[in-house]
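Enquirer: Right, I'll just put the structure down here and ask away after.
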Amino acid sequence: MIEDRYSLKSTLIASQLPIENWHEYIGEAPPADAILDRLLHNAHRFLLKGESMRKISSK
Numbered sequence: 477m478i479e480d481r482y483s484l485k486s487t488l489i490a491s492q493l494p495i496e497n498w499h500e501y502i503g504e505a506p507p508a509d510a511i512l513d514r515l516l517h518n519a520h521r522f523l524l525k526g527e528s529m530r531k532i533s534s535k
């Protein structure tokens, strides 16, 4: 899927797992390298910080 979309379409990925841990999570080195190269090249990252909105709205 990533290969098919690379350089052709936008792909949005939301994760609570830090990018630094993606390689280990994906597993085998060659496929993980290829996937991460395509995902992170020209990527726009938005790192959200602060308390959970669920926690804030429940007060």
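Residue numbers (the numbering used here): 477 to 535.
Where a beta carbon is used, it is the ideal one built from N, C-alpha and C, also for glycine.
Treat the numbers as computed from the prediction; the structure is a model and nothing was measured.
DSSP three-state label for ASN497, please.
Expert: Helix, per DSSP.
Enquirer: What did DSSP end up calling ALA519 once you bin it into helix, strand or coil?
Expert: ALA519 falls in the coil class under three-state DSSP.
Enquirer: Rounded to whole angstroms, what is the Cα-Cα separation between SER486 and SER528?
Expert: The alpha-carbon atoms of SER486 and SER528 are separated by roughly 27 Å.
Enquirer: Can you give the Cα-Cα distance for MET477 and LEU488, rounded to whole angstroms?
Expert: Straight-line Cα distance between these residues: approximately 12 Å.
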